[in-house]
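So the sequence shown is numbered by our numbering: it starts at 811 and just counts up by one. A virtual CB, placed ideally from N, CA and C, is assigned to each residue, including glycine. Remember, predicted model here, so these are calculated numbers, not experimental data.
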Amino acid sequence: MDVLLPVPISNLFTYRVPMEYNDLVGIGHRVIVQFGRSRVLTGIVARIHQTPPEVYQAKYIFDLLDDQPVMKPQQLSLFEWIAGYYMCTMGEVLNVGMPSGLKLSSESKIQLNPEFDAENNVLVFSEQEQRIIDVLARDKVITYGQAADILQIKSYLKVIKSLMAKEAILIFEEIKDKYIPKKEIYYKLCPHWLQKEFLEELMIDLEKKPGQMDVLLAYLQEVPVFKNRELNAIGIEKSKLLQKGISESSLSTLEKKRVFERFTKVISRFSLPGPDENFKLQLSESQQKARGEILTHFEEKQTVLLHGITGSGKTEIYIDLISEVLAQEGQVLYLLPEIALTTQIVARLQKAFGDRMGVYHSKYSDNERVEVWRGLMAGKFPLIVGVRSSVFLPFDNLSLIIVDEEHEFSYKQYDPAPRYHARDVAQVLAKIHSAKVLMGTATPSFESFYLAQEKKYGYVLLAERYGKATLPKTIFADLSKERKQKTIKGDISSVLTDKIDAALSKNEQVIIFQNRRGYAPYIACEECAWIPKCSNCAVSLTYHMYYNQLRCHYCGHHERLPVTCPACGSTKLSTVGFGTEKLEDDLKLLFPEARVQRMDLDTTRRKYSYQKIIKDFEQGAIDILVGTQMVSKGLDFSNVTLVGVFDIDRMLHFPDFRSFERSYQLAVQVSGRSGRSVKAGEVVIQTSNLKQPILHYIHKQDFLEYYNHEILERYKYKYPPFYRIIRITLKDRDNTTVQKAAQSLAEAIKVHFNKKLVLGPHEPIISKIRNFYLMEILVKIPRNGVDLARMKTNLMQAANAQKEEKKYKRVYVVFDVDPY
């Protein structure tokens, strides 16, 4: 059989099946195999056949891990497509696609060689070697870490290797399943006491023992075995019994007397309450019309783009369609771009679907994700709500995929491989399952809107807000003018300050958007202009005041803020620019009575951080919410009447062909958080250049006018959606080597491509990350009329040929297809 292993190698690996597993093993099963001389890995059976490999002797699998497969054939088909399209290996896809809890952990351990005779051995052992032998004679088995602790020397591995060479010890791998089921202690009556007369005798006997009587009565109250003996098999949780105020010692005494017996149950870590019986969904006339158009398009097309303005009620349409699919016993995948969005969406969906919904994202533990994975396979969760990695889950009857906020670049994974885009993978996943895809957004991506214009996708417009809400009024604050007039306070314009003051006076809430976390982008010396740089990356360090640290947002390096300038000794170190942390501080100073909270990566690292912040904001415990892009997407707060947008100029001037598209999307999306109920909303956008054309489109929120203007530029300069882009990044610890390698590879690529469509090599904006110097090559490929697979093969062959050259052997080459 062929086994898929989580290693970055293109091939599947052939193994032999022991006779005892012949009738048990199937596609999708987990197996334990030896890989190389010493590695032990979890693999997935991808193919069963009778053809032995020609170039090596196939090894037997060690073990079969499960009674049932943990993966579906459809998943393996998807993995194969992802590996081919995104120019990576199936092993890399498996490594990302399968939760860690389904992979084995193995630990190298040391034991004495059974054939080693300590008394009659003629070999000479050093003092350190003898210490290891003595410990093993006593403890039988130790780990490498324990060996290091025993010897207290850095070179402990040399001691172990020496003992292996002298055949005194053996090394073996102890294999463990990472997934650990959650177990809870339960109690039930011993069978003898289920007889009515014996139970009555017991109660008489316990009359003089009130503590024990309390235990029995508490049990019978929850488990009335006198009405139905079969309830006893269910029992009651120990924790529930103790919550009733009974004595644990009394419970223990009754257990010793054989009145109660304890047992354990495997319980789910992931459980939601049932649906809300009072939940009712009523679509407005415009929503009903949109729903009808979606279903009409689905008769002919796989994918429909729902273009609904912010606050138009797209979620209600999703819920209606999900209900219809679940009623027909189909499965639904509801994709979200950010973990932050799941909090509100899950709360709304839970009212409709209750415990039929599973939630899948990285804030959940490995064990919780395994339970959602297995719950989906068992039919427990016909609805899955999750972020991009949810496309890898084991669906077998998928009928509908909803891609909410389809324009979001958070759907794209950058590192590690596969560098996939979940929106595009969803199209292939739907095709494999013959399912439908509904993509919703207020600001469509150019790719999706173009395909809708070309009639490849169905298109539905939802152009009015739900209920009586109206679109917010957009106001631009002229920072250049305010700086001249000296009316700006810190980084906050007087226009925004006045609007915040007015909103707070009416007990309304405010959202402030700044797409940069930390206190300040960097600090600088006022005397010599010294700026602290990361020692591993070619970037300045961001100042985080809360930790009093300078931090690199690329590699995680951090250091204390210096008291004096290391270059000239001056104490005049000042912050330059501002992030969410500084804005939070400034707002607290300007509005001391207001309750200000920040929501960014730094404040949401813990599992339930999002939920707490969003719940507090919903309940009015926060007046001003300051955040990065996670506050711009899909959140729905009825009391928010003002949104402030900072630093839009920096977004517009970012050197990327999508900078205007993304700025438009972010500005419209974040403004859409304002005025979502009967209260009118406003948006204040701060800019230093009111003449920028994009601001006109943002003010009008006229996507079609903006699209028609921008699409001409895309066509003229050969960018998506008319051309695909493959970005090739080369990495090496030596700058000269990587530059020469990039030049050599670019020349090799131009042999197979139009030279005008090969850009570079050039240094990226950040030219060094984690001590690796970077160079990039961009290859443009026409979307139509070319053999894309052949072109990718040419690129891979050119990179592999260069890898054979000794001087470039250590240069990493990374392909990123559609680097959105």
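### Query
Taking the C-alpha atoms as reference points, what is the distance between THR1125 and SER918?
If I take the Cα positions, the gap works out to 51 Å.
Requested in this report: Would you identify the three-state DSSP class for ARG1229, choosing helix, strand or coil?
Outcome: Correct three-state label for ARG1229: coil.
Item checked: 3-residue-minimum beta strand (DSSP E) runs that sit fully inside the region 1299-1330, ordered along the chain -> Within the region 1299-1330, the complete beta strand (DSSP E) runs of at least 3 residues are 1319-1323.
Where does PRO1254 land, buried or exposed, given buried means 16+ other C-beta within 10 angstroms?
Buried, since its Cβ has 16 or more Cβ neighbours within 10 Å.
- Spatial neighbours of THR1113 in its chain, beta-carbon cut-off 6 Å, leaving aside the 5 residues before and after: Within its own chain, the residues whose Cβ lies closer than 6 Å to the Cβ of THR1113, once the five positions on either side in sequence are excluded, are VAL1247, TYR1267, listed in chain order.
Unbroken beta strand (DSSP E) runs of length 3 or more, entirely within the region 1233-1294: which are they? Complete beta strand (DSSP E) runs here, min 3: 1246-1251, 1268-1272, 1283-1288.
Original post:
In its own chain, which residues sit with a C-beta less than 6 Å from the C-beta of TYR954, not counting the 5 before and 5 after it?
Top reply: Hits under 6 Å: SER918.
Work out the CA separation of ASP1234 and SER1096 for me, nearest whole Å.
-> Each residue's alpha carbon lies about 29 Å from the other.
Check your understanding: With burial defined as no fewer than 16 other Cβ atoms inside 10 Å of the residue's Cβ, what is the status of MET1167: buried or exposed?
Key -> Label assigned to MET1167: buried.
In the DSSP assignment, what are the bridge partners of GLN1141? Beta-bridge pairing links GLN1141 to LEU1208.
Practice task
For the alpha helix (DSSP H) holding ILE1423, just list the boundary residues, first then last.
Solution key: Here the alpha helix (DSSP H) through ILE1423 covers 1419-1428.
(message) Less than 9 Å between the beta carbons of GLN921 and LEU973, yes or no?
(response) Contact flag unset, no.
Query - Cα-Cα separation between CYS1378 and LEU1400, rounded to whole angstroms - result: Approximately 35 Å between the Cα atoms of the pair.
query: Excluding the five sequence neighbours on either side, which residues of its own chain have a C-beta within less than 7 Å of the C-beta of GLY1374, listed in chain order?
result: It is Thr, not Gly, that sits at residue 1374 in the sequence shown. Excluding the 5 residues flanking it on each side, THR1374 has same chain C-beta neighbours closer than 7 Å at SER1380, THR1381, in chain order.
Rounded straight-line distance, which links the Cα of THR899 to that of ILE892
One C-alpha to the other measures close to 9 Å.
- Task: Please state if the CB of GLU994 and the CB of SER1049 are separated by a distance shorter than 9 Å.
- Result: Cβ atoms of SER1049 and GLU994: closer than 9 Å.
**Prompt:** Near GLU1631, what residues of its chain come up, given a Cβ to Cβ distance below 7 Å and the 5 sequence neighbours on each side ignored?
**Reply:** Missing from the structure shown is residue 1631; the chain here goes from 811 to 1630 and no further.
query: Straight-line CA distance for PHE1256 to THR1074?
result: Roughly 55 Å between the two C-alpha positions.
Which whole-angstrom value is the C-beta distance of ALA856 and VAL813, which I expect to be below 8 Å? Taking the Cβ atoms as the reference, ALA856 lies roughly 7 Å from VAL813, within the contact range of under 8 Å.
Q | Identity of the residue in ASN1358, GLU1215, PRO1192 nearest GLN1206 by Cα | A | In the sequence under discussion, the amino acid at residue 1206 is Asp, which differs from the Gln named in the question. Out of ASN1358, GLU1215, PRO1192, PRO1192 has the C-alpha closest to the C-alpha of ASP1206.
Please classify GLN860 as buried or exposed, where buried requires at least 16 other C-beta atoms within 10 Å of its C-beta.
By the neighbour-count rule (16 or more Cβ atoms within 10 Å), GLN860 is not buried but exposed.
Option in LYS1392, GLN940, LEU1271, TYR866 with minimal Cα separation from GLU1103:
Taking GLU1103 as reference, the option from LYS1392, GLN940, LEU1271, TYR866 with the minimal CA-CA separation is LEU1271.
Quick one: what's got a C-beta closer than 6 Å to ARG1229's C-beta in the same chain, skipping five residues either side? Same-chain partners within the cutoff: TYR896, GLN1223, ASP1626.
Inter-residue spacing [alpha-carbon to alpha-carbon] between PHE1447 and LYS1018:
Rounded to the nearest angstrom, the two C-alpha atoms are 59 Å apart.
Margin query: Counting C-beta neighbours from all protein chains within 10 Å, is the total for ASP1512 16 or more, i.e. buried, or is it exposed?
Written below: So ASP1512 ends up on the exposed side.
query: First and last residue of the beta strand (DSSP E) that includes ARG1408?
result: Here the beta strand (DSSP E) through ARG1408 covers 1406-1409.
| field | Separation of TYR1029 from LEU1052, as counted between CA atoms | value | Between LEU1052 and TYR1029, the C-alpha separation is close to 10 Å.
Open item on the list: Can you find the residues in the same chain that come closer than 7 Å, C-beta to C-beta, to ALA1273, ignoring five residues on each side of it along the sequence?
Closed with: So the list reads ILE1119, once near-sequence residues are dropped.
Query raised in the report: In terms of alpha-carbon separation, which member of GLU1148, ILE1579, GLY1277 lies closest to LEU1093?
Result: Of the candidates GLU1148, ILE1579, GLY1277, the one whose C-alpha sits nearest the C-alpha of LEU1093 is GLY1277.
**OP:** Could you spell out where the alpha helix (DSSP H) holding VAL850 opens and where it closes?
**Re:** According to the DSSP assignment, VAL850 belongs to no alpha helix (DSSP H) but to the beta strand (DSSP E) extending over 849-857.
Practice task
Tell me, please, whether the region 873-880 touches the region 834-853 by the rule of three or more beta-carbon pairs shorter than 8 Å.
Solution key: Counting Cβ pairs under 8 Å, three or more are found: they touch.
Per DSSP, what are the beta-bridge partners of ARG826 in this structure?
Per DSSP, TYR870.
**Asked** Among residues of its own chain, excluding the 5 on either side of LEU1462, which ones have a beta-carbon nearer than 7 Å to its beta-carbon?
**Response** The residues are SER1469, PHE1470, SER1473, GLN1502, ILE1504.
**Message:** Going by C-alpha to C-alpha distance, which of GLN1496, ALA1150, GLU1181, GLU1032 sits closest to PHE1286?
**Reply:** Here the closest residue by C-alpha is GLN1496.
Handout entry: Among LEU1411, ILE1423, ILE1333, HIS1367, nearest to PHE1388 - alpha-carbon criterion
Key = Comparing Cα positions, the closest option is ILE1333.
Practice item. Name the residue from ILE871, VAL1624, ASP833 whose alpha carbon lies nearest to the alpha carbon of THR824. Key: For the residues ILE871, VAL1624, ASP833, the minimum Cα distance to THR824 belongs to ILE871.
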